[in-house]
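Same order as they appear, the protein sequences are chains A and B.
Under this note's numbering, residue 871 is the last one in the first sequence; the count climbs by one each step, no gaps.
Under this note's numbering, residue 264 is the last one in the second sequence; the count climbs by one each step, no gaps.
Every residue gets a Cβ at the ideal spot worked out from N, C-alpha and C, and that includes glycine.
Below: one structure, written as structure tokens.
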Amino acid sequence: MRTAFCSAMVAVAGRPDLVFLTGDLGFMALEPLRDALGRRFINAGVAEQNMIGVAAGLARDGWRPWAYSIAPFIYARPYEQLRNDVAMHSLPVTMVGNGGGYGYGVMGATHHALEDYGAVLALGGIRVLVPAFDTDVSQAVASILGQSRPAYLRLGLDEAPKGFERPPFAPWRRLVEGDAATILVCGPLAGGLLAALGDLPRERRPNLWLVSELPLDAMPEAFFADVRRTPHLMAVEEHVATGGVGERLARELLLRGVAPRRFTHRCALGYPSGRYGSQAFHRRESGLDAASILAALG
Amino acid sequence: MPNRLTRDDLTRARLRLLQMHFEAGVGHIGGNLSALDLLMTIHHELMQEGDAFVLSKGHSAGALYITLWALGRLAEDDLKTFHRDDTLLAAHPPPAGLADVLFATGSLGHGLPLSCGLALSRRLRGEAGRVWCLMSDGEWNEGSNWEALIFARQQGLGNLTVIVDLNGLQGFGTTAEVADLRPLATKLRDFGWDVEEVDGHDVAAVVAAARRDSAGPRAILASTTKGRGVSFMEGKVEWHYLPLTPELYEQAVREVRAAADTPSATAG
């Protein structure tokens, strides 16, 4: 998705108000953007607190700054700058975190972002966009630039199966229709589920809903209809339970008086074995691999 | 817009600052008194059209409000709401509602990165304006400032001037006792900054230092006295916190008035 992101940014680099800051990351990936932006591409060094403060200062003066790093370094290290400098002033700074969830795999726990969007959403007023497919990225970028608000863009890898026709980006999309259950998934995990669900007959197939923008606004009526008519609602996300999609979904349903017959939540459990490995390894440990998810649908 | 700052202006501002804190029954007076002359100097003498100001030491918001009042940007009625319910004039600058306050500060170590952003903005646009940032000395304990020092130098932000209110006291002791950064000037110079050291209560000296040419970012280390102008507060940590009793308020007012009637080498 990083390449798709770079291309998407290059495509909008002609906007004269765009400034891009990186926390010394993007080697062998962001060079085309650096070339396209010239003086408006700034390597702020390994100093994320300052980078977000600088971005807020630029935004206060009318710029549209984007600040880029590995996901944990863009929200956790400068969290108070996000809170005080960006969110409190509703400044249109976009934080871009590459490798959300367990995306950095065996790079280890310090490089994982398991509570990123929950932490960011807790500040209020920050849009979170979690593309699932490469084709989402340019539309997510356009969506962010279409509004004058703070945003967090969580990037991962496009995991959709070959030949899958990716639907246009939207906050809510139903990717698969079925009768067995309803899954609400956030982010690239959707790709693996698509592959696994491919051949199931309708009666054994769940509805697969993909949410790509948080908090959960503008929930479609069709989603509630699916929740009502299927026996099991499952939320799936590569994020801890606290502050994640599952918690928010439960709240939204309770507020609306919609009671699923059964509700389960598959989420990042951290490091249950105390061992480290690939993104796939950590997903399996958390029961987030497609096989575990399908088995748990019942 | 700038107008000449007189000794009477400073005395009037100091008295109004004391009155505002006394009527509100609140502390943080010491750091406000040390910063007042600098704030008045920046706003009345130094700032030009297109400039921006960031108060990094947000706990001196009271002195900023008084400075804005002296400029006619805040009304007498506004000052009466200081520190009360339903006010915009909180003890630290608010994020919205006051056109002259660009950022909510109060958590230390934010103003310098924000100022770097404002300075970079002007440079990218090819605009002439200067960014002024007022910091405390205790604030230099925060690591984000050192990140910003590196950034400002690397980006060649010659349109950025930081003024440090060097009053020598911080939250729970002197700066020497808590986190000794002396000599700060040497450290900032080692980061590639242009550094001037002045008496922060000497308006002419601050102005002269600020107007000297500098190729890169500039820091003016302005030695000040916490509680300046009030004998029982000067140099006392407790006046970072304590509110004034009626008796002490009367004494403070008498002292500030008496000092105004005494010839002095400095404007404060």
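query                                                                                                                           : result
Residues of the segment 652 to 672 of chain A whose Cβ lies closer than 8 Å to any Cβ of chain B, in chain order                : Glu653, Gln654, Asn657, Asp658, Met661, His662
Rounded separation between Ser215/B and His39/B - CA only                                                                       : Note that residue 215/B corresponds to Ala in the displayed sequence, not to Ser. Their Cα atoms are separated by approximately 17 Å.
6 Å CB neighbourhood of Leu42/B in its chain, flanking five on each side removed                                                : Ala206
Interface flag, Asp96/B vs chain A, CB-CB below 8 Å                                                                             : no
Buried or exposed by the 16-neighbour rule on C-beta atoms within 10 Å, applied to Thr667/A                                     : buried
DSSP beta-bridge partners of Phe614/A                                                                                           : Phe593/A
Ser56/B classed as buried or exposed, judged by whether at least 16 other C-beta atoms fall within 10 angstroms                 : buried
Where Pro89/B meets chain A, residues with beta-carbon distance less than 8 Å                                                   : None at all; the shortest Cβ gap to chain A is about 11 Å.
Ser56/B at chain A interface by Cβ criterion, 8 Å                                                                               : no
Pro704/A to Leu726/A span [Cα, whole Å]                                                                                         : 8 Å
Under 8 Å between C-beta atoms of Ser132/B and Lys53/B                                                                          : yes
Minimum Cβ-Cβ distance from Leu598/A to chain B less than 8 Å                                                                   : no
Neighbourhood of Trp636/A by C-beta distance below 6 Å, restricted to the same chain and skipping five residues each side       : Asp590, Val592
Buried or exposed by the 16-neighbour rule on C-beta atoms within 10 Å, applied to Arg224/B                                     : buried
Proximal residues of chain B, C-beta to C-beta of Trp636/A below 8 Å                                                            : Ser117, Leu120
Residue burial classification, Met(-3)/B (beta-carbon count within 10 angstroms, cutoff 16)                                     : Low per-residue confidence applies at Met(-3)/B: pLDDT is 42, beneath 50, and the placement is therefore not dependable, though the value from the model is reported in the following sentence. The residue in question, Met(-3)/B, is exposed, as its Cβ has fewer than 16 Cβ neighbours within 10 Å.
Asp33/B beta carbon less than 8 Å from that of Val199/B                                                                         : yes
7 Å CB neighbourhood of Ala144/B in its chain, flanking five on each side removed                                               : Leu108, Pro109, Cys112
Complete beta strand (DSSP E) runs within the segment 757 to 784 of chain A (minimum length 3 residues, chain order)            : 780 to 784
Contact set for Ala660/A: own chain, Cβ-Cβ below 8 Å, skip 5 residues either direction                                          : Leu696, Gly697, Gly698, Ile699, Pro723
Neighbour list for Gly46/B in chain A, Cβ cutoff strictly below 7 Å                                                             : None at all; the shortest Cβ gap to chain A is about 11 Å.
Under 8 Å between C-beta atoms of Val701/A and Met582/A                                                                         : no
Under 9 Å from the C-beta of His106/B: neighbouring residues of chain A                                                         : Gln622, Gly626, Ala629, Glu653, Gln654, Asn657, Asp658
Closer than 8 Å to chain B by CB, Ala617/A                                                                                      : yes
Nearest residue (CA-CA) to Ser30/B, options Ala256/B, Leu130/B, Gly188/B, Val158/B                                              : Leu130/B
Beta carbon of Asp594/A nearer than 8 Å to that of Ala640/A                                                                     : Sequence inspection shows Leu at residue 594/A; the Asp mentioned does not correspond to that position. Yes, the Cβ-Cβ distance between Leu594/A and Ala640/A is below 8 Å.
Of the listed residues Ser140/B, Gly154/B, Thr101/B, nearest to Leu266/B (C-alpha basis)                                        : For chain B, the structure presents residues -3 to 264; residue 266/B sits outside this window and is missing.
Residues, ordered as in the chain, of the segment 177 to 188 of chain B that lie near chain A by beta-carbon distance below 9 Å : none
CA nearest to the CA of Arg253/B, picked from Ile159/B, Phe49/B, Thr101/B, Ser227/B                                             : Ser227/B
Residue from Ser140/B, Arg178/B, Gln247/B, Leu240/B with nearest C-alpha to Glu19/B                                             : Leu240/B
Bounding residues of the alpha helix (DSSP H) (the contiguous stretch that carries Tyr245/B)                                    : 242 to 257
Cα-Cα separation, Arg178/B to Val160/B                                                                                          : 13 Å
Bridge partner(s) assigned by DSSP for Met668/A                                                                                 : Ala640/A, Tyr725/A
Contact list for Phe147/B against chain A, beta-carbon separation under 7 Å                                                     : Ala617, Gly618, Ala620, Asn623, Val627
Beta carbon proximity, Arg613/A to chain B, threshold 8 Å                                                                       : yes
Terminal residues of the alpha helix (DSSP H) in which His838/A lies                                                            : Run containing His838/A: none in the alpha helix (DSSP H); it sits in the beta strand (DSSP E), 836 to 839.
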